[in-house]
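Protein chains in written order, with the numbering used here: chain Z, 1 to 39; chain A, 40 to 716.
Backbone N, C-alpha and C fix where the C-beta goes; we use that ideal spot for every residue, glycine too.
Keep in mind it's a predicted model, so treat the numbers as computed, not measured.
Worksheet: one structure, shown below.
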Amino acid sequence: VPELKDVDVDGGKNLDILDVNEGLDLFEGDIKFNEVSEL
Amino acid sequence: NSIIGEQYRWPIPVPYFLEDSLEINAKALVLEAFERYRLKSCIDFKPWEGETNYISVFKDSGCYSYVGNLRRGKQQLSLGTNCDRIATIQHEFLHALGFWHEQSRADRDDYVIIMWDRILSGREHNFNTYDDTRSSALNVPYDYTSVMHYSKTAFQNGSEPTIVTRIPAFSDVIGQRMDFSDYDLEKLNRLYNCSSSLTFLDTCTFEYNNICGMVQGTGDNADWQHVLNIPNGPSSDHSNMGNCKDSGYFMHFSTATGNTGHKAFLESRLFYPKRGFQCLEFFYYNSGHETDQLNIWIREYTDAYPNGTLTFISTVDGHPADYWQLYHVSLNVSNKFRVVFEGVKGNGISTGGFSIDDINLSETRCPHHVWHIRNFTEESAKQNGSLYSPPLYSKDGYAFQVLIRVTGDAEKPYDLGIYFLLISGANDDTLQWPCSLRQATMVLMDQNPDIRKRMSNLRSITTDPEYKTSNDLYFWDRPDRVGTPLTFPNGTQYFRGPGLGTSAYITHDRLHSRDFLKGGDAFILLSVDDVTYLNSSQPTPKPTAALTTQSSGSNTTRVPGITTTALISGPSITTVEPNVPNHCKDYECKNDGVCTVEDEKPICRCKVTSDWWYVGERCEKRVSSQDTVIIAVSSSVTIFVVMLAITLVSVYCLKKKHKKQLTRVVENPPLEKTSAF
């Protein structure tokens, strides 16, 4: 049996919250607004 | 910094609901994050029981939260893919509890410079500040070490940092995602008026002469000594490692003198447990003989034994060594108690003895295993950057190893990776394969003497029985089926399966910060838990007709898998009213009672524990099991007394009647019947 490679759950990247949320429309990267009062 | 306004605060404990959509690993980590809150603050969490407002944790795209209690019923907090890290969860819950990011506080420009030209176009608003009419830093200094601070690369358009710290030493400190910083906790505890924590009991470095209220035992032959060093080791304590002149005390029991069997007790102050389970952790140094013993006892005080009864817990199994070792003891005490350290001199020749330092006692679970890596840097270089733990067993019998891998080279080491691997073991024929829903928790311990101030680095992975390797084998199948044959240094052959983990466990800079490598040594705390129970839906409060979607999947066990399918209608970002009956709107249940509807009338279901419960229409009255015992005993005594009185009166009356009859017979004897023949 060939040796199986270890699997990296982070895909080799040091992912911070902002990296995980990249492309999402979130304020300050990870904050949702209270749509009514914050507007 | 916190959002100003009492309306944004949550009641404690904070009600939460873990939606089915969450990954199992994330669910388990949420519970682990709650434990950190319970240890380090007064914030407690409880499963949602129908409270009007609660935090619903679910899996959406990304990790996000609202800021503060918006009193919108179900308030969502998302933990999407790659959000299953403990510090990310702590971070999102800090948002929910009412905190913004650290660098948005009003005075941040005094401490960091925002490099506006390096920020992605259109994202500049993410570096806004809140003035001090909207936010409060709660009189705590600017915190570069906050778990709520952006990292220096936030929203960058190139490779240059977007945040430059005015003190350069903090440039790589900002953005840590390990644990709460001291100031995070100070702010949290101020915001919620915390004066104590739920699960912390004691910490002791023996720096002061009062030795943390410990007392020398009686009925022994010797005393523990409060010392700075011992000629034959240790030469310094563990708290400061000899770095502070004239400080760095520890306690020492000498076995260099005295006879075999001589002993000394050191008893802790009294503790009043709440949870019924505890973890005692301490460092010890054994410079004595192999036959010397360090025993742990508990003196427990009960009504039956008000002077306490001693219960033996364990013997420290470490052999003599010229370094400090770490030891954990699991306790299950429900009554007032003390911890007792007993040193016993063995029958060998000793030039030292036992020393103890940096004791922590908390109502938490102990790690299952400790992997002590001596001289970490040298050792990892010697092993070409790959360190395997000794073979270990989970509580239910799976054999495993943990691999630490240093990326980069000795010249320029970068990140530290960590992986969990199953290996062949003695129980493989009786275990379930592929290994299903076992969560491996791997913690690089911050060796700060005070457990509350540690920022330990934790990552965990959960075994998914459906997960396959690239060549279509089950990843978590028997290691002798999917693994590689290898040989231990002692010549034993075994198989090692593939590892799952991360190459970005901790950066080199952070590894060398704080107390991760104290005296050059690292401690990896390891636990493997069965988290199958998290594959079931969290029970919901009992419904009225209005309660529909969430309760439909209640307590149903789903197909095993690391990511579970939502049984409820798809997660919605918009808010919904909590699923509590309308009849309960103005019907208040006291003492955490839950309102529900029966025959279209609101009734309270009162909180019940094994020792006490609430009764009454609104759960207004507390009854303890002691009360019922008193009622039972007093009723029995009353009935007995009444019965006794009735019996005595009856006997007395009968006796009197009998006496009267006798007297009558003596005075007027009946005529004898004569026979006629």
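DSSP three-state label for I563 (chain A), please. Your numbering for residue 563 (chain A) matches position 524 in the second sequence. Note: I563 (chain A) maps to strand in three-state DSSP.
Mind checking Q46 (chain A): buried by the 16 CB within 10 Å criterion, or exposed? For the purposes of this step, residue 46 (chain A) is identified with residue 7 of the second sequence, where counting begins at 1. Result: exposed.
So, is Q471 (chain A) buried or exposed, given that buried needs 16 or more other C-beta atoms within 10 angstroms? Position 432 of the second sequence, counted from the start, is the residue given in the question as residue 471 (chain A). Flag for Q471 (chain A) reads exposed.
Can you find a C-beta in chain Z that's less than 8 Å from the C-beta of N108 (chain A)? Counting from 1 along the second sequence, the entry for residue 108 (chain A) is found at position 69. Judged by the 8 Å Cβ criterion, N108 (chain A) is not in contact with chain Z.
Quick one: is Y311 (chain A) buried, meaning 16 or more other Cβ sit within 10 Å of its Cβ, or exposed? The residue you call residue 311 (chain A) lines up with position 272 of the second sequence. Classification of Y311 (chain A): exposed, given that the 10 Å Cβ count is below 16.
Assuming contact is defined by CB atoms lying nearer than 8 Å, are V266 (chain A) and F219 (chain A) in contact in what I supplied? For the purposes of this step, residue 266 (chain A) is taken as residue 227 along the second sequence, with counting starting at 1. For the purposes of this step, residue 219 (chain A) is taken as residue 180 along the second sequence, with counting starting at 1. With a cutoff of 8 Å on beta-carbon distance, V266 (chain A) and F219 (chain A) are scored as not near each other.
Between the C-alpha atoms of S210 (chain A) and L109 (chain A), what's the straight-line distance to the nearest angstrom? On the second sequence, residue 210 (chain A) is found 171 positions in, with the first residue counted as 1. On the second sequence, residue 109 (chain A) is found 70 positions in, with the first residue counted as 1. Going by the C-alpha atoms only, they are around 34 Å apart.
Which whole-angstrom value describes the C-beta separation of F245 (chain A) and Y323 (chain A), a residue pair presumed to lie in contact below a C-beta threshold of 8 Å? Translated into positions along the second sequence, residue 245 (chain A) becomes position 206. Translated into positions along the second sequence, residue 323 (chain A) becomes position 284. The beta carbons of F245 (chain A) and Y323 (chain A) sit about 13 Å from each other, so the pair does not count as a contact at 8 Å.
Report yes or no: is there a C-beta of chain Z within less than 8 Å of the C-beta of H130 (chain A)? As a working mapping, residue 130 (chain A) is identified with position 91 in the second sequence. Cβ-Cβ to chain Z under 8 Å: yes for H130 (chain A).
How many whole angstroms separate the CB atoms of W381 (chain A) and F304 (chain A), which I take to be in contact at a CB cut-off of 8 Å? The residue given as residue 381 (chain A) occupies position 342 in the second sequence. The residue given as residue 304 (chain A) occupies position 265 in the second sequence. In the sequence on display, residue 381 (chain A) carries Glu and not Trp. Taking C-beta atoms under 8 Å as the contact rule, E381 (chain A) and F304 (chain A) qualify, at a distance of about 5 Å.
So, at 6 Å on beta carbons, what are the nonlocal neighbours of L227 (chain A) in its own chain, with the 5 sequence-adjacent residues on each side left out? Against the second sequence, residue 227 (chain A) aligns to sequence position 188. The beta carbon of L227 (chain A) sits closer than 6 Å to the beta carbons of S80 from its chain, once the five residues preceding and following it are set aside; these are given in chain order.
Relative to the C-alpha of M494 (chain A), which candidate in A:R216, A:N40, A:D435 has its C-alpha closest? Within the second sequence, the letter at position 455 stands for residue 494 (chain A). From the listed residues A:R216, A:N40, A:D435, the smallest Cα separation to M494 (chain A) is found for A:R216.
I need the boundaries of the alpha helix (DSSP H) containing Y76 (chain A), first residue and last residue. In the second sequence, counting from the first residue as 1, residue 76 (chain A) sits at position 37. Y76 (chain A) -> alpha helix (DSSP H) spans 63–79.
For a quick check, are the C-beta atoms of H130 (chain A) and I17 (chain Z) less than 8 Å apart? On the second sequence, position 91 is the one that residue 130 (chain A) refers to. On the first sequence, position 17 is the one that residue 17 (chain Z) refers to. Yes; because the gap between Cβ atoms is below 8 Å, this pair is in contact.
Count the other C-beta atoms from every protein chain shown that fall within 10 angstroms of the C-beta of Q700 (chain A), then say buried if there are 16 or more, exposed otherwise. If you number the second sequence from 1, residue 700 (chain A) lands on position 661. Its Cβ having fewer than 16 others within 10 Å, Q700 (chain A) is exposed.
Helix, strand or coil: which one does DSSP assign to Y366 (chain A)? Residue numbering aside, residue 366 (chain A) sits at position 327 when the second sequence is read from its first letter. In the structure shown, Y366 (chain A) sits in a strand (DSSP, three-state: E or B).
Would you identify the three-state DSSP class for S425 (chain A), choosing helix, strand or coil? For the purposes of this step, residue 425 (chain A) is taken as the residue at position 386 of the second sequence. The DSSP-derived three-state label of S425 (chain A) is strand.
Per-residue DSSP class, three states only, for F316 (chain A): Within the second sequence, numbered from 1, the residue matching residue 316 (chain A) stands at position 277. DSSP, read as helix, strand or coil, puts F316 (chain A) in coil.
Simplified DSSP assignment, three categories, for R644 (chain A): If you number the second sequence from 1, residue 644 (chain A) lands on position 605. In this structure, R644 (chain A) counts as strand in the three-state DSSP scheme.
Report the neighbours of D454 (chain A) on chain Z: residues whose CB is nearer than 7 Å to its CB, in chain order. Taking the second sequence and counting its residues from 1, one reaches residue 454 (chain A) at position 415. By Cβ distance, chain Z contributes N14.
Below 8 Å, how does it come out for the segment 370–379 of chain A and the segment 333–346 of chain A: are there three or more Cβ pairs, yes or no? The count of Cβ pairs closer than 8 Å, one atom from the segment 370–379 of chain A and one from the segment 333–346 of chain A, reaches three, so the stretches are in contact.
Quick check on L186 (chain A): does DSSP put it in helix, strand or coil? The residue given as residue 186 (chain A) occupies position 147 in the second sequence. Here residue 186 (chain A) is Val; the residue named in the question, Leu, does not match the sequence. DSSP places V186 (chain A) in the coil class of the three-state scheme, outside both helix and strand.
Compare the Cα-Cα distances from P273 (chain A) to each of A:P359, A:T296, A:N298, A:I250 and report the closest residue. Within the second sequence, residue 273 (chain A) is the residue found at index 234, counting from 1. The residue with the shortest Cα to Cα distance from P273 (chain A) is A:P359.
Determine whether the Cβ of L539 (chain A) lies closer than 8 Å to any Cβ atom of chain Z. On the second sequence, position 500 is the one that residue 539 (chain A) refers to. Yes - at least one Cβ of chain Z is within 8 Å of the one on L539 (chain A).
Quick one: grab the DSSP three-state call for F15 (chain Z). On the first sequence, position 15 is the one that residue 15 (chain Z) refers to. A small fix is needed here, since residue 15 (chain Z) is Leu in this sequence, not Phe. Correct three-state label for L15 (chain Z): coil.
Taking C-beta to C-beta, are G214 (chain A) and S190 (chain A) nearer than 8 Å? Looking up residue 214 (chain A) in the second sequence gives position 175. Looking up residue 190 (chain A) in the second sequence gives position 151. Taking 8 Å as the cut-off, the beta carbon of G214 (chain A) is found closer than this to the beta carbon of S190 (chain A).
Interface flag, H134 (chain A) vs chain Z, CB-CB below 8 Å: The residue labelled residue 134 (chain A) in the question sits at position 95 within the second sequence. Yes, H134 (chain A) lies at the interface with chain Z (some Cβ there is under 8 Å from its Cβ).
Alpha helix (DSSP H) runs wholly inside the segment 91–164 of chain A, at least 4 long, in chain order: Along the segment 91–164 of chain A, the alpha helix (DSSP H) occurs as fully enclosed runs of 4 or more residues at 125–136, listed in sequence order.
In three-state terms, what does DSSP make of A479 (chain A)? Taking the second sequence and counting its residues from 1, the one referred to as residue 479 (chain A) is at position 440. Residue state for A479 (chain A) is assigned as strand, using DSSP reduced to three classes.
Does A543 (chain A) come within less than 8 Å of chain Z when only Cβ atoms are used? The residue labelled residue 543 (chain A) in the question sits at position 504 within the second sequence. Closer than 8 Å: yes.
Is there a Cβ of chain Z sitting closer than 8 Å to that of N121 (chain A), yes or no? Looking up residue 121 (chain A) in the second sequence gives position 82. Put simply, the CB of N121 (chain A) is near chain Z, with a gap under 8 Å to one of its CB atoms.
Using the Cβ count rule (16 or more neighbours within 10 Å means buried), how would you classify N529 (chain A)? Position 490 of the second sequence, counted from the start, is the residue given in the question as residue 529 (chain A). Exposed, by the Cβ-count rule.
Quick one, are the C-beta atoms of G96 (chain A) and L116 (chain A) less than 8 Å apart? Along the second sequence, read from residue 1 onward, the residue named residue 96 (chain A) stands at position 57. Along the second sequence, read from residue 1 onward, the residue named residue 116 (chain A) stands at position 77. In the sequence as presented, Gly is not what sits at residue 96 (chain A); that position holds Val. Result yes, Cβ atoms of V96 (chain A) and L116 (chain A) sit closer than 8 Å.
Spatial neighbours of S433 (chain A) within its chain, please: CB distance less than 6 Å, with the 5 preceding and 5 following residues excluded, ordered by chain position. In the second sequence, the residue the question calls residue 433 (chain A) occupies position 394. Only V567 meet the Cβ criterion.
Cut-off 6 Å between Cβ atoms - residues of its own chain near V254 (chain A), not counting five sequence neighbours on either side: Your numbering for residue 254 (chain A) matches position 215 in the second sequence. Cβ within range, chain order: E306.
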